[in-house]
Every structure is written in structure tokens, then in C-alpha cells.
Amino acid sequence: MGGADFMHILYSEFFNYDPADMHWPFRDRFFMDAGHLSTLMYAQYYLLGNYKKEDIANFRQWESVTPGHPEVDVARGVENTSGSLGQGHTMGVGATIAAKFLQARFGDWMNHKIYGFISDGGVQEEISQGAGRIAGHLGLNNFIMFYDANDVQLSSKTDEVTSEDTAKKYEAWGWKVVTIDGHDHDQIRKATADANAETEKPTLIIGHTIMGKGCVTADGEMYEGHTELHGKPIGDTGADYQKTLENLGADVDNPFEIFKSVAEYYEDIVGKKERRPMQRS
Ligand SMILES: Cc1ncc(C[n+]2csc(CCOP(=O)(O)OP(=O)(O)O)c2C)c(N)n1
Ligand SMILES: [Mg+2]
Numbered sequence: 570m571g572g573a574d575f576m577h578i579l580y581s582e583f584f585n586y587d588p589a590d591m592h593w594p595f596r597d598r599f600f601m602d603a604g605h606l607s608t609l610m611y612a613q614y615y616l617l618g619n620y621k622k623e624d625i626a627n628f629r630q631w632e633s634v635t636p637g638h639p640e641v642d643v644a645r646g647v648e649n650t651s652g653s654l655g656q657g658h659t660m661g662v663g664a665t666i667a668a669k670f671l672q673a674r675f676g677d678w679m680n681h682k683i684y685g686f687i688s689d690g691g692v693q694e695e696i697s698q699g700a701g702r703i704a705g706h707l708g709l710n711n712f713i714m715f716y717d718a719n720d721v722q723l724s725s726k727t728d729e730v731t732s733e734d735t736a737k738k739y740e741a742w743g744w745k746v747v748t749i750d751g752h753d754h755d756q757i758r759k760a761t762a763d764a765n766a767e768t769e770k771p772t773l774i775i776g777h778t779i780m781g782k783g784c785v786t787a788d789g790e791m792y793e794g795h796t797e798l799h800g801k802p803i804g805d806t807g808a809d810y811q812k813t814l815e816n817l818g819a820d821v822d823n824p825f826e827i828f829k830s831v832a833e834y835y836e837d838i839v840g841k842k843e844r845r846p847m848q849r850s
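Sequential numbering from 570 applies to the sequence shown in this note's numbering.
This is the structure in C-alpha cells:
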């Protein structure tokens, strides 16, 4: 969930879409590479009204609309199925080439932005190298990818297996690269605005983030940045579920409730338009 700050700024300030009609053909597109971060998408689209509270509570349950890895569900905002790390990067680049084709054929009004979201595991995958290289070579300035760089992977810290300089790697392929604090809203805002203004290159925004931000132990000690927070329920780790909810200012008896101030903020963004029925597309 370390990318939540980026998702919030993207969907509330930059993304060109109609929250009441996620099918709108002229929308920007969002491609998730890290399928295990489906939670991040469901949380964001819950704020937009695309999921119900029960859907979020049923995360990863059989036949729920919130599987552990997302499956295409455009009406709710899920543009791609993901699970194989690196594959979302390639899908995003493919969609970006398609958008460029439409722009060349029909004019600048067809110039959609494509946003990608990648994590350490996706950056490591070989398939990413091919996608990144061609995106740089073609100068796909309409592709903007956020990298949730928390230095933690499935079962270890990333420095156990990688020591390359990701910024230099993407720069060598012809990308514009900016490194920020991935939790700092002003830095996210500036990086995303600059990426939108870029005319020659795709942009990689490397956001340094904290795995399990806000987690605390039963004694109230901070428990952030631990590898085991990657995939286990918080209560099965060294962190304490209830204490963490309290630390985050959540309602312990109603943990899936959207904070009042957040709900009001998103009500203004989403508006009260009649919505298309939510069904799988
Ligand atoms: C091609 C591929 N290989 C292996 C996996 C298994 N896997 C799931 S998540 C993950 C790495 C998780 O690390 P990171 O991407 O940094 O995510 P974080 O834990 O920081 O959210 C791996 C190897 C996968 N999903 N896809
Ligand atoms: Mg990671």
C-alpha cells in the first residue's frame, strides 16, 4: 500500500477520466504491473464508488470481485489482468503505442496518457527490460510509470539479489527519470506535472516508499519496512492488527469504513452523476 499516496494524487488531480463512466473511450489508462497490489487499486476505486464496502471486506475470497490479483474489469477501473511481474509494464507500453497510433491517425485530441505502476519485482523481470528499452527508443512521452521502490521483495530485501542503478538503467534507454519521496504529495504532484509536460521521453518516477507504513507492534513500537509485511495479514506478522488500526486513526470496530474527510473529498470529485451498473466487462 506504499503507493497509496501516488494513487490518490493521480486519481484526484491528474487522471483524465469520467468517474461515473470508467468506459469513457477517451480516458487515460492505468496499468498495474504488480498484481499483488490489487489492494491498492481496490482501495482507490472504492473511494471512487466502484466497489462496495463488502467487496473490500471480501478481498481474496472465492468468487469475490476483489481477487488477490486483479482481472480485467473496466467498469470498475481495472484495465489489465496482472500477476506475472513485468507483464503490466509491457501492456502499458503496448497501450501507449496504440495511443500514439490514434494520435497520428486522428489528431492530438486522441493523445491519451498511459500510467504504469511497477514495484521492485517488476523492475527486476527480464520482460521489463524489453518494454522499457522500446519505450525509450520510440520516445513515448505519453507513458508515465511510478515505481514503488520500497527495497523489499517477496522473501528478502532487494539488495540480496540486485545492486544495479535503476535510474541509470532507464536513463540509458532514453527515459526521463526523477527520484522522489513516494509519500510526499508535493513531490508526487511536481513529478507527475513535469511528466505530463514532457514532450520527448517516457518518465519513470522512482518513489521511495515504506513497506507497511504505519504498522505497529502490540507494544506500540513501529513495525515498518519488514519483509513479512509483503503478503501476510497484518495480524500474522510482528505487527498488531488492532494497534495498527488505532495508529492509523481508523475505527477499530468498522475497519473498512472510509474516513469522513476522505469520503467528503471524493464526493466532490466523483459527483452525484448516475452511474453505469457495475458488471464485469
Ligand atoms: C514473473 C513472476 N515471478 C514471480 C512472481 C512471484 N512474486 C510475487 S510478488 C514478488 C515480488 C514482490 O516484491 P515487490 O515487487 O517489490 O513488491 P512489494 O513486496 O514491495 O509490494 C514475486 C517474486 C510473480 N508474481 N511473477
Ligand atoms: Mg518492493
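Using N, Cα and C, we set each Cβ at its ideal position, and we do this for glycine too.
These numbers come from a predicted model, not from an experiment.
- Relative to the Cα of Y716, the nearest Cα in the group M591, E769, H658, N765 belongs to H658.
- For D689, the CB falls within less than 6 Å of some heavy atom of ligand 1.
- At the C-beta level, I666 and N711 stay beyond 7 Å of one another.
- Residue state for D809 is assigned as coil, using DSSP reduced to three classes.
- Judged by beta-carbon spacing, Y835 lies beyond the 7 Å limit of L609, meaning their Cβ atoms are not closer than that value.
- The alpha carbon of C784 has as its nearest neighbour, out of E797, A664, I774, the alpha carbon of E797.
- Ranked by Cα distance from D597, the options K745, A766, I713 are led by I713.
- Looking at E695, H592, V641, the one whose alpha-carbon comes closest to that of Y611 is V641.
- In this structure, DSSP gives H592 a state outside helix and strand, which the three-state scheme calls coil.
- Classified as exposed, I838 has fewer than 16 neighbouring CB atoms from the shown chains inside 10 Å of its CB.
- Every alpha helix (DSSP H) stretch that sits fully inside the stretch 713-775 and reaches 4 residues is listed by chain position as 735-741, 754-766.
- Beta-bridge partners assigned by DSSP to D642: V647.
- Counting only residues of its own chain and dropping the five nearest sequence neighbours on each side, A673 has no CB closer than 6 Å to any other CB.
- Residue V643 holds the alpha-carbon nearest to the alpha-carbon of D590 among S651, V643, D574, V634.
- Judged by their CB atoms, D602 and H752 are not nearer to each other than the 7 Å cut-off.
- Listed as beta-bridge partners of H777 by DSSP are A718, D750.
- When C-alpha distances from G807 are compared across V821, G781, E815, the shortest belongs to G781.
- A residue is called buried when at least 16 other Cβ atoms come within 10 angstroms of its Cβ; E632 does not meet this threshold and is exposed.
- Looking at the DSSP output, V785 shares a beta bridge with M791.
- Remark: the shortest separation between the CB of Q722 and any heavy atom of ligand 2 falls under 6 Å.
- The DSSP-derived three-state label of R629 is coil.
- Per DSSP, M601 is one residue of the beta strand (DSSP E) stretching across 598-601.
- K770 and K745 have their C-alpha atoms some 6 Å from each other.
- H592 sits exposed, since fewer than 16 C-beta atoms from the chains shown fall within 10 Å of its C-beta.
- Rounded to whole angstroms, the Cβ separation of T735 and I775 is 7 Å, and the two are in contact under 8 Å.
- With fewer than 16 other beta carbons inside 10 angstroms of its own, N823 counts as exposed.
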